[in-house]
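Numbering follows numbering that gives the first Met the number 0, in which position 46 of the sequence shown is assigned residue number 45; successive positions increment by one, without gaps.
Backbone N, C-alpha and C define an ideal beta-carbon position, used for all residues, glycine too.
Reading through the structure tokens given below for one structure.
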Amino acid sequence: MKRLGLNTICAHVGQLKDEQFKGSVSPIYLSSSYEFLDVDVKRYPRYFNTPNQEHLAKKIAALEHTEAALIFGSGMAAISHMFFAFLQKGDHLVVQNTLYGGTVNFIKEEFPKYGIEYTFTNGYEVEDFEAAIKANTKLIHIETPSNPLLTITDIKAVVKLAKSKSILTSIDNTFASPVNQNPIDFGIDMVMHSATKYFGGHSDICAGAVAGKYEHIERIWNVSKNLGGSLSDMTVWMLERSMKTLGLRVKAQTNNAMKLAKWLQKHPKISKVYYPGLKSHPEHKLAKSQMKGFGAMLSFELTEDLDAYEFQKALQLIKPSMSLAGIESTVISPHLTSHALLTQEEREAVGISDQLIRFSVGIEAFKDLKKDINRAIAALA
Ligand code: PLP
0 MKRLGLNTIC AHVGQLKDEQ FKGSVSPIYL SSSYEFLDVD VKRYPRYFNT PNQEHLAKKI
60 AALEHTEAAL IFGSGMAAIS HMFFAFLQKG DHLVVQNTLY GGTVNFIKEE FPKYGIEYTF
120 TNGYEVEDFE AAIKANTKLI HIETPSNPLL TITDIKAVVK LAKSKSILTS IDNTFASPVN
180 QNPIDFGIDM VMHSATKYFG GHSDICAGAV AGKYEHIERI WNVSKNLGGS LSDMTVWMLE
240 RSMKTLGLRV KAQTNNAMKL AKWLQKHPKI SKVYYPGLKS HPEHKLAKSQ MKGFGAMLSF
300 ELTEDLDAYE FQKALQLIKP SMSLAGIEST VISPHLTSHA LLTQEEREAV GISDQLIRFS
360 VGIEAFKDLK KDINRAIAAL A
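In structure tokens, the structure reads:
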């Protein structure tokens, strides 16, 4: 069957029909209690099956080229429920070494309490994953492009390795979004998102999602209804509205990021730019083979004479801000925020320096973003 186009899925799939008044947008069903007599489905918000939850999940599944999805109260809820669904006492997880700091903390702090074993890879080449596999490995988790260094993992190669050993695979697809990358097309079993990021896109929603085959999503669901952590229908509705423009927003942001990365690369006060769209990126060719666009996240380092903290303070248009992926451009120091709980040695081992600034590129005019960066650099001189 031929798939609907990206923006058609964004605009229409999973829309709830307003049978009563024929309104053009989905009604919000706020009931936390539904009839149980003579019904096919017993609905309850914590069962992830209210009308709004169920329908938005269809949009997410369609965007990720798969069968089903679940929507959670945060990206961490999505990832933790997914891990707990496929890993139990005595099982082993292989996890990429370059990934979101919150995921690293979750694994290190929670897994020992449940007797789940894990190995962080030494790198992100397929050989690094192979070396980390043990007899009890049940899941391999990757993040590509990764937060904050935009490293690229070979999805197809990791999937091939995992399949040869009957190991399941999952990916954090937050940075690319389904606009720029569909890992299911390369054989990944589960795709998770911090929907707080591009899905929401306006820095006003905290949510998460996992998508995959019915059998895998059902297995997660069996855990999730025990743990709780579903998303309120009010927020589900807001997320549905936001996702109607996902394709438009992310494409505009991705175009801006490409232009900015090229410009920053030539800037005399920028010593390094991390962006998979640049030919100088070590995995540029690989990124080209598995991504539709290179995404709207990039990182850069200022030259040593400039203070990264003061630079961010001097920006006027681009906001120093905790999260990412909103339509407004934001910057952050990963060593002070997302990766603050890692030790200095751990950060250095993966290449996160104190000079590193992660840049979430928004939809603003390119010329205004350039001007703001130049103005902030000039203010430090
Ligand atoms: N994955 C990535 C790549 C992230 O950047 C984040 C948050 O920054 C998360 C997961 C966690 O998402 P949330 O903050 O919605 O729990």
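Inset, instruction - Using three-state DSSP, classify V125 as helix, strand or coil. - result: helix
Legend entry - Between the CA atoms of F71 and L36 - distance to the nearest angstrom: 27 Å
Legend entry - DSSP bridge partner residues for D171 (one or two, in chain order): E142 and M191
Inset, instruction - Enumerate in chain order the residues of its own chain whose CB-to-CB distance from A210 is below 6 Å, with the five nearest sequence positions on each side excluded. - result: I59, A60, E63, T65, A68 and V190
Legend entry - Cβ-Cβ distance between A208 and Q252 below 9 Å: no
Legend entry - Expected contact under 8 Å - CB spacing of I154 and Q289 to nearest Å: 5 Å
Inset, instruction - Could you tell me the boundaries of the alpha helix (DSSP H) in which S163 lies? - result: I154 to S163
Inset, instruction - Find the nearest neighbour of V157 within the set L148, L149 and L167, judged by alpha-carbon distance. - result: L167
Legend entry - Burial state of A206, where buried means 16 or more other Cβ atoms lie within 10 Å: buried
Inset, instruction - Report the rounded CA-to-CA distance for K41 versus K57, giving the unit in angstroms. - result: 19 Å
Legend entry - Three or more C-beta pairs below 8 Å linking the region 98-109 and the region 250-267: no
Legend entry - Delimiting residues of the beta strand (DSSP E) encompassing T102: First-last for T102: G100 to Y113, but that is the alpha helix (DSSP H), not the beta strand (DSSP E).
Legend entry - Coil, strand or helix - P267 by DSSP: coil
Inset, instruction - Using three-state DSSP, classify K318 as helix, strand or coil. - result: strand
Inset, instruction - Confirm the yes/no value for this check: CB of A378, any heavy atom of the ligand PLP, distance under 8 Å. - result: no
Legend entry - Spatial neighbours of E142 in its chain, beta-carbon cut-off 6 Å, leaving aside the 5 residues before and after: Q95, L98 and D171
Inset, instruction - Just list the alpha helix (DSSP H) runs in the region 33-59, keeping only unbroken ones of 4 residues or longer that don't cross its boundaries, in chain order. - result: none
Legend entry - Proximity below 9 Å, CB of F128 to CB of V103: no
Inset, instruction - Excluding the 5 residues preceding and the 5 following N48 in the sequence, name in chain order all residues of the same chain whose CB lies nearer than 7 Å to its CB. - result: V40 and R42
Legend entry - Neighbour-count burial assignment, L245, 16 or more Cβ in a 10 Å radius: buried
Inset, instruction - Compute the Euclidean distance between the alpha carbons of A313 and S202, then round it to the nearest angstrom. - result: 22 Å
Inset, instruction - With a cut-off of 8 Å on the beta carbons, I'd call A260 and V272 a contact; round off their distance for me. - result: 6 Å
Inset, instruction - Would you check if the distance between the CB atom of C9 and the CB atom of L238 is smaller than 9 Å? - result: no
Inset, instruction - Please look up how many angstroms separate the CB atoms of F198 and S169, rounded, as I've assumed it's under 8 Å. - result: Actually they are not in contact, since the Cβ atoms of F198 and S169 sit about 17 Å apart, beyond 8 Å.
Inset, instruction - Pick out whichever of E303, T152 and W220 has its Cα sitting closest to the Cα of P281. - result: T152
Inset, instruction - Indicate the three-state DSSP secondary structure (helix, strand or coil) for H80 in the structure shown. - result: helix
Inset, instruction - Under 8 Å by Cβ, that's how I've got H91 and T118 pegged, so tell me the actual separation to the nearest angstrom. - result: 7 Å
Inset, instruction - To the nearest angstrom, report how far apart I277 and W220 are at their CA atoms. - result: Reading the sequence as shown, one finds Leu at residue 277 and not Ile. Roughly 40 Å between the two C-alpha positions.
Inset, instruction - Could you tell me which of S229, F85 and Q311 sits nearest to D371, measuring between CA atoms? - result: Q311
Inset, instruction - Using 8 Å as the cut-off, classify the Cβ of E142 as near or not near the heavy atoms of the ligand PLP, replying yes or no. - result: yes
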